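Protein chains: 2
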Amino acid sequence: MSHSVCIATYRCHDDKADFNKKAQGIAVGLTVGSWTDLPEARKAEMEKHLGRVLSVTVYEPENAAPGERYADLVIAYPDVNFSRDLPALLVTVFGKLSMDGRIKLLDLDFSPAFVSAFPGPKFGITGVRELLGIEQRPLLMSIFKSVIGHDLPNLREQFYRQALGGVDLIKDDEILFENPLTPLEKRVEACMEAAEQAQAETGQKLLYAVNLTGSTSKLAANAKLAIAAGANALLFNVLAYGYDVLHELSSDPEISVPIAAHPALAGAFYPSPHYGIAAPLLLGKLMRLAGADLVLFPSPYGSVVMPKEENLAVQAALIDPALPVKASFPVPSAGIHPGLVPLILRDFGQDVVVNAGGGIHGHPLGTAAGGQAFRQAITATLSGISLPEAASQPGNEALQAAINSWGYKE
Amino acid sequence: MSHSVCIATYRCHDDKADFNKKAQGIAVGLTVGSWTDLPEARKAEMEKHLGRVLSVTVYEPENAAPGERYADLVIAYPDVNFSRDLPALLVTVFGKLSMDGRIKLLDLDFSPAFVSAFPGPKFGITGVRELLGIEQRPLLMSIFKSVIGHDLPNLREQFYRQALGGVDLIKDDEILFENPLTPLEKRVEACMEAAEQAQAETGQKLLYAVNLTGSTSKLAANAKLAIAAGANALLFNVLAYGYDVLHELSSDPEISVPIAAHPALAGAFYPSPHYGIAAPLLLGKLMRLAGADLVLFPSPYGSVVMPKEENLAVQAALIDPALPVKASFPVPSAGIHPGLVPLILRDFGQDVVVNAGGGIHGHPLGTAAGGQAFRQAITATLSGISLPEAASQPGNEALQAAINSWGYKE
Chain A
-6 MSHSVCIATY RCHDDKADFN KKAQGIAVGL TVGSWTDLPE ARKAEMEKHL
44 GRVLSVTVYE PENAAPGERY ADLVIAYPDV NFSRDLPALL VTVFGKLSMD
94 GRIKLLDLDF SPAFVSAFPG PKFGITGVRE LLGIEQRPLL MSIFKSVIGH
144 DLPNLREQFY RQALGGVDLI KDDEILFENP LTPLEKRVEA CMEAAEQAQA
194 ETGQKLLYAV NLTGSTSKLA ANAKLAIAAG ANALLFNVLA YGYDVLHELS
244 SDPEISVPIA AHPALAGAFY PSPHYGIAAP LLLGKLMRLA GADLVLFPSP
294 YGSVVMPKEE NLAVQAALID PALPVKASFP VPSAGIHPGL VPLILRDFGQ
344 DVVVNAGGGI HGHPLGTAAG GQAFRQAITA TLSGISLPEA ASQPGNEALQ
394 AAINSWGYKE
Chain B
-6 MSHSVCIATY RCHDDKADFN KKAQGIAVGL TVGSWTDLPE ARKAEMEKHL
44 GRVLSVTVYE PENAAPGERY ADLVIAYPDV NFSRDLPALL VTVFGKLSMD
94 GRIKLLDLDF SPAFVSAFPG PKFGITGVRE LLGIEQRPLL MSIFKSVIGH
144 DLPNLREQFY RQALGGVDLI KDDEILFENP LTPLEKRVEA CMEAAEQAQA
194 ETGQKLLYAV NLTGSTSKLA ANAKLAIAAG ANALLFNVLA YGYDVLHELS
244 SDPEISVPIA AHPALAGAFY PSPHYGIAAP LLLGKLMRLA GADLVLFPSP
294 YGSVVMPKEE NLAVQAALID PALPVKASFP VPSAGIHPGL VPLILRDFGQ
344 DVVVNAGGGI HGHPLGTAAG GQAFRQAITA TLSGISLPEA ASQPGNEALQ
394 AAINSWGYKE
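So the protein lines, in turn, are chains A and B. The first sequence begins at -6 in this note's numbering and counts up one residue at a time. The second sequence begins at -6 in this note's numbering and counts up one residue at a time.
Written as structure tokens, this is what we have:
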């Protein structure tokens, strides 16, 4: 098979199906429509459009209980059949098929020709590190405690307290939309002013990811307004708008700041074993291909739980060197306090953003101490010092207080 | 509660949860963030932003097996918290929450103020009927047999054969993207020419829904190019682009033709009992609010099955007079042959589009006879004549042949 193809892997649950036949039906049905009844001369012309079954692996335990039997189907779709955009690819490989029984899209492998239409993240891990001037250590992100119903002075003060604690990134809440109390440009101005004020004290740069919202056709203009007002990063609810919108935003040369992808709505797709789109594809590979510089996803530590192996598979997709675009920064989120830092760094390595909300604002000594406790935990862990030992050192009172409140894991 | 609110209904499966507590956590967490620890003066200011639990209904059979216990939670979200667009509403009510355990979004009730931002379908059932000059009878739609790898003369010929059979609408395949063999404008020109040629013989108008594809920012321009080339309807893979894109297209005064929403990717959302978004909301209410004039969804008759009660709930959402926008035409699709027409009309009434592919092209006397057989079945059913009786009448040989091939249901 010499044609350029994109390859889809599906998991299909069925107690009785002939999975080989099903795979053949998909490969033909989603490409040329029919095959065996074509005249030979026509087959020669159509061959380059024909999907191919690459493998069918049936999992059929003896005495399988109902619902246990499944197969992984791997099918190649010729690039010539679809335009080089994600809506076209997704509709081809999982449009009608998504409704055809218990079938889940596990993975996609893009052809080099398809990928060539995607510049990928403009900054990625290395670019975000360069903007912040931080070469190696894990980054620290914090989120506002609450934003709805708060005015500009309040948000500015929350921002300042977070910044004082030494965080590298502060992100808007994903549910903060255009509103009269804290409109986009005014919010950016107030928060960036607070960032400068804090930087005068801490000497530290930070990125503020302001939530990009509104009508699809106005997003690029809103992004440019935010950037003109001083925004140095954006937060974006990708799945509420579609990957193609992220792709167009990230490809826009005038949108010259990192974009953090929020996973809002992702739980409508990934958690079922039978339906939907697997998290490593949904939040990993597709977000990265579409150009997300940072990607938030549920951590394995908090109340909003994703199993750890799925987490690590999302991370792997965000940094996999096989995809020829920049790596996206993994941001495992939810339920994170300073005592978890050694675990996070062991699970995710140093190219990770430690992202905290309650673990910063809920610190017994206040928001600034919350950030400091995280930074102290990161420093200790990178130096191979246990958290209790580090916490007992002078200057690390914030870490000590955090451990007293929330405990720690080594 | 005097504030304007949108109301979300969720189904939440959990063997142990305190569902009342969970609902309270959602109502507070997705709005003001925290409540009980606010000072009284602040509560007065924040009250208009606070979400409210309207009801919690627990289904807890005695001796429930694991996985059987669930509750329906109904929560009101103040409009003041989100902008009047569907990404904002969906991110508010099901953004983070979608990832929080086994929870499915069943329904949304929009406030009048929210709905006022949505003109809804430009044509709807009545408008599509006016365009076609057909007051009451069910409409007949057909789809191409296969499109990928076919050139313009071939597509034109397929179109002509379908049109000759008396179909009211012909739609592109949803997997036909911009391609060198049948580029958008040339395709529209060739097919509309075939439509005119057929109309000279049949005297019948028809709508051709050409597939609107490409980059999000170019969709409106592509739609206008297609219309300028003669297109009198559009097909759109809404879920690959997002509801807001459909909303913007349908609101564009220059896009002056009906839009048919294809359900591609819908199966990633609706079939799980535990996760995702229920079909009547996903394919019914939201498609209609966003402006779809016709909505395709899996029929209860074919291989791609949706349970009949879910089908009827999708239809109900598309025509419910409680939503103050035009009704969208329901198009139950897949597995439909002429022998099912009495059943379809009994299930869906007369405001339905009978949509067939194989049931037209696979007719033993050819494609044109396939369309004729459907029209004969519709005429007979509306006249209260059984299909076998109608098939035996002179002139109805096409119906007889269809029944001989596929049988019939009364």
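Think of the CB as a built atom: it goes at the ideal place given N, C-alpha and C, for glycine as much as any other residue. Note that the structure is predicted; figures quoted are calculated from it, not measured.
- Remark: C-beta atoms of residue 241/B and residue 210/A approach each other more closely than 7 angstroms.
- Counting C-beta atoms within 10 angstroms of its own C-beta, residue 129/B has fewer than 16 neighbours from the protein chains shown and is therefore classed as exposed.
- Taking 7 angstroms as the cut-off, the Cβ atoms of residue 327/A and residue 295/A count as close.
- Using a Cβ-Cβ cut-off of 7 angstroms, residue 230/B counts as an interface residue toward chain A, since at least one Cβ of chain A sits closer than that to its own.
- In the structure shown, residue 73/B adopts helical secondary structure according to DSSP, grouped into three states.
- Going by DSSP, residue 136/B is part of the beta strand (DSSP E) stretching over 132 to 136.
- Taking C-beta separations shorter than 7 angstroms and ignoring five residues to either side along the sequence, the partners of residue 374/B in its chain run 334, 335, 338, following chain order.
- For the stretch 260 to 287 of chain A, the set of residues with a beta-carbon nearer than 7 angstroms to any beta-carbon of chain B comprises 260, 261, 262, 264, 265, 267, 268, 269, 270, in chain order.
- Annotated three-state conformation of residue 263/A is coil, per DSSP.
- Taking the CA atoms as reference points, residue 116/A sits about 23 angstroms from residue 102/A.
- Taking the Cα of residue 0/B as reference, the smallest distance to any Cα among 66/B, 246/B, 40/B, 62/B is reached at 66/B.
- Rounded to the nearest whole angstrom, the C-alpha separation of residue 230/B and residue 262/B is 15 angstroms.
- Scanning chain A for C-beta atoms nearer than 7 angstroms to the C-beta of residue 85/B yields 168, reported in chain order.
- Secondary structure of residue 269/B (DSSP, three-state): strand.
- Counting C-beta pairs closer than 8 angstroms gives three or more between the stretch 338 to 347 of chain B and the stretch 301 to 316 of chain B, which meets the contact rule.
- Residues of chain B with a Cβ closer than 7 angstroms to the Cβ of residue 234/A are, in chain order, 80, 235, 237.
- Straight-line spacing of the CA atoms in residue 51/A and residue 87/A works out to 20 angstroms.
- Taking a 10 Å sphere around the C-beta of residue 78/B, we find 16 or more other C-beta atoms and assign the residue as buried.
- Listed in chain order, the beta strand (DSSP E) elements of length 3 or more contained wholly in the stretch 198 to 275 of chain A are 200 to 205, 226 to 230, 252 to 255.
- When only Cα atoms are considered, residue 396/A and residue 329/A end up about 12 angstroms apart.
- The distance from the Cβ of residue 158/B to that of residue 353/B is about 7 angstroms, consistent with a contact at the 8 angstroms cut-off.
- Of 248/A, 306/A, 232/A, 299/A, the smallest CA-CA separation from residue 80/A is found for 232/A.
- The residues 144, in chain order, have a CB closer than 6 angstroms to that of residue 174/A in the same chain once the five nearest residues on each side in sequence are set aside.
- Between residue 283/B and residue 203/B, the alpha-carbon positions lie close to 19 angstroms from each other.
- The stretch 270 to 278 of chain A makes no contact with the stretch 218 to 228 of chain A; the number of CB pairs closer than 8 angstroms stays below 3.
- Residues of chain A with a Cβ closer than 8 angstroms to the Cβ of residue 171/B are, in chain order, 76.
- Listed along the chain, the chain A residues whose CB falls inside 7 angstroms of the CB of residue 209/B are 209, 235, 237, 238, 241.
- Following the DSSP letters along the chain, one finds residue 325/A inside the beta strand (DSSP E) bounded by residues 322 to 326.
- With a threshold of 16 other beta carbon atoms within 10 Å, residue 109/A falls short and is exposed.
- As DSSP reads the structure, residue 397/B sits in no beta bridge.
- Exposed is the label assigned to residue 386/A, since fewer than 16 other Cβ atoms lie within 10 Å of its Cβ.
- Scanning the stretch 45 to 116 of chain A for uninterrupted beta strand (DSSP E) segments of 3 residues or longer gives 45 to 52, 63 to 71, 95 to 102, listed from N- to C-terminal end.
- Of the candidates 13/B, 308/B, 85/B, -3/B, 85/B places its Cα closest to the Cα of residue 170/A.
- If you look at residue 306/A, you'll find it in the alpha helix (DSSP H) that goes 301 to 312.
- DSSP, read as helix, strand or coil, puts residue 374/A in helix.
- Around the beta carbon of residue 30/A, a 10 Å sphere encloses fewer than 16 other beta carbons of the protein chains shown; the residue is thus reported as exposed.
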